[in-house]
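2 protein chains.
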Amino acid sequence: MSSPHTPADTTTEASSLRMATFRLARRLRSQRAVDTMSDGQFAVLAALNVHGAHTLGELADRERVTAPSMNRTVNCLEESGYLTRTPDETDRRKVNIALTDEGRAVVAETVRRRDSWLEQALAELSPQQRDLLRQAADLMREVAAR
Amino acid sequence: MSSPHTPADTTTEASSLRMATFRLARRLRSQRAVDTMSDGQFAVLAALNVHGAHTLGELADRERVTAPSMNRTVNCLEESGYLTRTPDETDRRKVNIALTDEGRAVVAETVRRRDSWLEQALAELSPQQRDLLRQAADLMREVAAR
DNA sequence: TATTGTTATACTCTATAACTATA
DNA sequence: TATAGTTATAGAGTATAACAATA
Chain V
340 MSSPHTPADT
350 TTEASSLRMA
360 TFRLARRLRS
370 QRAVDTMSDG
380 QFAVLAALNV
390 HGAHTLGELA
400 DRERVTAPSM
410 NRTVNCLEES
420 GYLTRTPDET
430 DRRKVNIALT
440 DEGRAVVAET
450 VRRRDSWLEQ
460 ALAELSPQQR
470 DLLRQAADLM
480 REVAAR
Chain Y
340 MSSPHTPADT
350 TTEASSLRMA
360 TFRLARRLRS
370 QRAVDTMSDG
380 QFAVLAALNV
390 HGAHTLGELA
400 DRERVTAPSM
410 NRTVNCLEES
420 GYLTRTPDET
430 DRRKVNIALT
440 DEGRAVVAET
450 VRRRDSWLEQ
460 ALAELSPQQR
470 DLLRQAADLM
480 REVAAR
């Protein structure tokens with residue numbers, strides 16, 4: 340047992356990493372209040388930017404949302420001119436979704452803006468600490484892919 | 340420039356950590372699909388559990404939501420019997436919000452359930468890798484507190 | 001008949017504005 | 001008059017169910 344007002348045993352390895360992850364994620368999310376795009380919208384543009392064109396179903400699976408939800412998000416991004424829908428040549432039920440040049444530009448700008456706060460925070464750490472976080476990021480991706 | 344379908348320079352230190360953090364946070368969040376409580380509701384119970392009683396405004400500030408939003412969340416948790424509202428003795432405009440025994444129990448149970456997936460994932464890593472993540476969690480908390 | 005995408009509709013969470021009670 | 005909390009109402013995002021088009 341610890342002090343009177345901290346009765347929870349939040350000291351396990353997993354709890355510590357879970358709480359740290361949620362806290363940093365929340366902090367990063369609050370930092371992007373400057374731009375108007377939602378997390379979900381940006382995640383779609385980022386996925387298209389990194390992995391190339393997707394069908395609607397592929398995007399929905401990747402982002403773990405339903406097809407109607409993804410459809411709404413894609414509609415919004417299409418209206419904004421950030422992506423295009425093109426019927427698939429070989430299977431005309433499918434729709435290929437791809438970034439426009441403007442979409443690519445908005446990804447680059449959003450990444451730049453979102454990362455600037457984190458870059459400043461990392462700059463205050465030692466080279467050893469930054470290297471540790473770099474390795475940790477790889478492990479976190481590995482764990483998340485499980 | 341890199342390969343044709345990966346035009347973004349998402350390879351900076353900050354981008355890598357940001358993406359890994361969001362990805363792991365999303366994975367952890369999806370893993371708690373078994374319980375009915377939302378992230379926001381659980382965060383309130385966890386804050387009360389760790390830091391003791393709060394007023395409504397303090398909870399809203401801590402969770403970075405508006406007072407009406409927090410009010411709704413607190414209403415829901417009060418109906419479920421997880422917390423109590425008590426008018427403040429010295430300033431009767433304020434309301435002190437505190438966990439019930441049932442609230443404390445549900446925090447402990449939820450933490451246990453949410454962490455079990457992560458514990459299994461961590462068990463597949465080497466002791467060195469787990470130690471690295473332990474240190475990284477401390478650094479992430481430090482960065483988030485900035 | 002199965003699959004892909006879309007539309008219709010409802011629910012949850014959050015926000016702003018307006019209101020009540022107390023300082 | 002200012003502050004803490006609450007209520008009223010609206011907007012964003014997500015879900016399930018139903019539908020259309022194609023394989």
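Chains V and Y, in that order, are what the protein sequence lines are.
Positions 340 to 485 (the numbering used here) are the ones given, in order, by the first sequence.
Positions 340 to 485 (the numbering used here) are the ones given, in order, by the second sequence.
Every residue, glycine too, gets a C-beta built ideally from N, C-alpha and C.
Bear in mind the structure is a predicted one, so any value in this text is a computation, not a measurement.
Exercise for the section: Given a cut-off of 8 Å, decide if glutamate 402 of chain V and glycine 379 of chain V are closer than it, judged by their beta-carbon atoms. Expected result: yes
Exposure label - threonine 360 of chain V; buried when at least 16 CB within 10 Å
buried
**Asked** Is the CB of serine 408 of chain Y under 8 Å away from at least one CB in chain V?
**Response** no
Self-check item: Interface residues of chain V facing glutamate 448 of chain Y [CB-CB closer than 8 Å]
Solution: None at all; the shortest Cβ gap to chain V is about 11 Å.
In chain order, what residues of the same chain have a beta carbon less than 8 Å from the beta carbon of proline 426 of chain V, not counting five sequence neighbours either side?
-> Lys433, Val434, Asn435
Reducing DSSP to helix, strand and coil, say where alanine 392 of chain V ends up. coil
Output, in sequence order along the chain, the residues in the region 368–386 of chain Y whose CB is closer than 7 Å to any CB in chain V. Ser369
Three-state class that DSSP yields for valine 434 of chain V in the structure shown: strand
Measure how close the beta-carbons of leucine 457 of chain Y and methionine 479 of chain V come, nearest whole angstrom, since I'm counting them as under 8 Å. Not confirmed; about 11 Å, so no contact.
Can you have a look at glycine 442 of chain V and say buried or exposed, based on whether 16 or more other CB atoms are within 10 angstroms of its CB?
buried
Check: The beta strand (DSSP E) spanning threonine 423 of chain V covers which residue range?
Finding: 422–426
Members of the region 353–365 of chain V near chain Y, C-beta cut-off 8 Å
Ala353, Ser354, Ser355, Leu356, Arg357, Met358, Ala359, Thr360, Phe361, Arg362, Leu363, Ala364, Arg365
Partners in chain V for glutamate 458 of chain Y, counting only beta-carbon separations shorter than 8 Å | Thr351, Glu352, Ala353
Check your understanding: Is it the case that the Cβ atoms of alanine 386 of chain Y and glycine 396 of chain Y are separated by a distance below 8 Å?
Key -> no
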